[in-house]
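Have a look at the structure below, then the notes.
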Amino acid sequence: DARVTQTPRHKVTEMGQEVTMRCQPILGHNTVFWYRQTMMQGLELLAYFRNRAPLDDSGMPKDRFSAEMPDATLATLKIQPSEPRDSAVYFCASGLSTYTDTQYFGPGTRLTVL
Amino acid sequence: EDQVTQSPEALRLQEGESSSLNCSYTVSGLRGLFWYRQDPGKGPEFLFTLYSAGEEKEKERLKATLTKKESFLHITAPKPEDSATYLCAVQARGSYKLIFGSGTRLLVRP
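So the protein lines, in turn, are chains X and B.
Residue numbers are given in our numbering: position 63 of the first sequence equals residue 60, and the series is strictly consecutive.
Residue numbers are given in our numbering: position 42 of the second sequence equals residue 25, and the series is strictly consecutive.
Have a look at this one:
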């Protein structure tokens, strides 16, 4: 049963600390998306990769967020320095850039910044 | 601007009481409309993709339909395990982005 995996599942950190979230997309998928979910804003797209190339990161605060795909099996989202307003659930999703374009979501990382 | 509105925000049903969830959308050329189910503490789980008006898809007690302006998720004889938040999203032609609605929280009581 192919699934997107994310680590850690929960992270509590102090304001100013660096946070790194990791995602393993479904094997064979060539698109990766990072989303943030909050009660107020719902699901917001932060970044989009296709074939490991970053195509859109317009949803991310550029001064503190960065997203990379070191290889086809790993995507990372970093926040440095973290702030309390970054507290949210961060989801990774993967898919195939075909006509269907269905995105399959991971279980999420719940981030709390104190 | 592409937009998705879901109603109602919350819905309480008795087990076996059928109902429908609504997803109204405006998009500059629809590529696909997606339904997801999200359980507390979990990621959205893919249910259906609809591509053109008149299309219908079914899965167990769920049936999704699509018109040019809205989609309905019909739940027939729901069970408590159908309790979840149901999310609707649209993708415009030529775009990779999913525009999500705010969801409908469904509670099915035994």
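Think of the CB as a built atom: it goes at the ideal place given N, C-alpha and C, for glycine as much as any other residue.
What does residue i touch in chain X if you count any residue whose Cβ is under 7 Å from its own?
| i | result |
| --- | --- |
| B:Gly26 | Phe88, Phe102, Gly103, Pro104 and Gly105 |
| B:Gln74 | Asp98 |
| B:Lys40 | Chain X residues near B:Lys40: none, gap ~12 Å exceeds 7 Å. |
| B:Lys80 | Leu42 |
Considering residue i, what are the terminal residues of the beta strand (DSSP E) in which it resides?
| i | result |
| --- | --- |
| X:Tyr87 | Ala85 to Gly92 |
| B:Glu(-2) | It is not in any beta strand (DSSP E) - B:Glu(-2) carries neither H nor E in the DSSP assignment. |
| B:Asp65 | Taken as a continuous stretch (DSSP letters only), B:Asp65 belongs to no beta strand (DSSP E), as it is neither H nor E. |
| B:Tyr79 | Unbroken run through B:Tyr79: none, as it is neither H nor E. |
| B:His57 | Glu53 to Ile58 |
| B:Val91 | Thr87 to Arg92 |
| X:Gln77 | Element bounds for X:Gln77: n/a, residue is neither H nor E. |
| B:Thr32 | Glu28 to Leu33 |
| B:Lys42 | Glu39 to Lys42 |
| B:Ser11 | Where B:Ser11 is concerned, there is no enclosing beta strand (DSSP E), given that its DSSP letter is neither H nor E. |
| X:Pro5 | Neither: X:Pro5 is in no beta strand (DSSP E) and is coded neither H nor E. |
| B:Ala36 | First-last for B:Ala36: undefined, no H or E at that position. |
| X:Thr35 | Thr28 to Thr35 |
| X:Arg47 | Gly39 to Arg47 |
| X:Leu111 | Note, X:Leu111: premise wrong, no beta strand (DSSP E); not H, not E. |
| X:Gln100 | Looking at the DSSP string, X:Gln100 is not in any beta strand (DSSP E), and its letter there is neither H nor E. |
Cβ closer than 8 Å: which chain B residues qualify as neighbours of residue i?
| i | result |
| --- | --- |
| X:Asp54 | Chain B residues near X:Asp54: none, gap ~13 Å exceeds 8 Å. |
Look at the Cβ atom of residue i, then the Cβ atom of residue j, and state whether they are nearer than 8 Å.
| i | j | result |
| --- | --- | --- |
| B:Leu90 | B:Ser66 | yes |
| X:Pro81 | X:Arg6 | no |
| B:Lys42 | B:Leu30 | yes |
| X:Tyr32 | X:Leu24 | no |
| X:Met12 | X:Leu111 | yes |
| B:Asp138 | B:Ile58 | Lying before the first or after the last residue shown, residue 138 of chain B is absent from chain B, which here runs from -16 to 93. |
| B:Ala60 | B:Gly(-1) | yes |
| X:Gln34 | X:Val1 | no |
| X:Ile45 | X:Phe30 | In the sequence as presented, Ile is not what sits at residue 45 of chain X; that position holds Tyr. In this structure, X:Phe30 lies closer than 8 Å to X:Tyr45 by Cβ. |
| B:Pro23 | B:Leu70 | no |
| B:Lys25 | B:Ala36 | no |
| B:Leu(-6) | B:Trp18 | no |
| B:Val(-13) | B:Gly84 | yes |
| B:Ser54 | B:Arg14 | no |
| B:Leu(-4) | B:Ser2 | yes |
In chain B, what lies closer than 7 Å to residue i by C-beta?
| i | result |
| --- | --- |
| X:Leu40 | Phe83 |
| X:Asp83 | Correct list: empty, because the minimum Cβ distance to chain B is about 19 Å. |
Residue i: buried (16+ other C-beta within 10 angstroms of its C-beta) or exposed?
| i | result |
| --- | --- |
| X:Gln77 | exposed |
| B:Gly12 | exposed |
| B:Val73 | buried |
| B:Gly86 | buried |
| X:Ala64 | buried |
| X:Val9 | exposed |
| X:Thr28 | buried |
| B:Arg20 | buried |
| X:Asp68 | exposed |
| X:Asp60 | exposed |
| X:Gln3 | buried |
Just the chain B side, please: which residues come within less than 9 Å of residue i by C-beta, in chain order?
| i | result |
| --- | --- |
| X:Thr109 | None at all; the shortest Cβ gap to chain B is about 14 Å. |
| X:Thr99 | Gly15, Phe17, Phe29 and Thr32 |
Can you pull the chain X neighbours of residue i, defined as C-beta to C-beta under 9 Å?
| i | result |
| --- | --- |
| B:Tyr69 | The contacting residues do not exist; B:Tyr69 stays about 13 Å from chain X at best. |
(request) Decide if the region 19 to 28 of chain X is in contact with the region 84 to 94 of chain X; the criterion is three or more beta carbon pairs, one per stretch, under 8 Å apart. (result) yes
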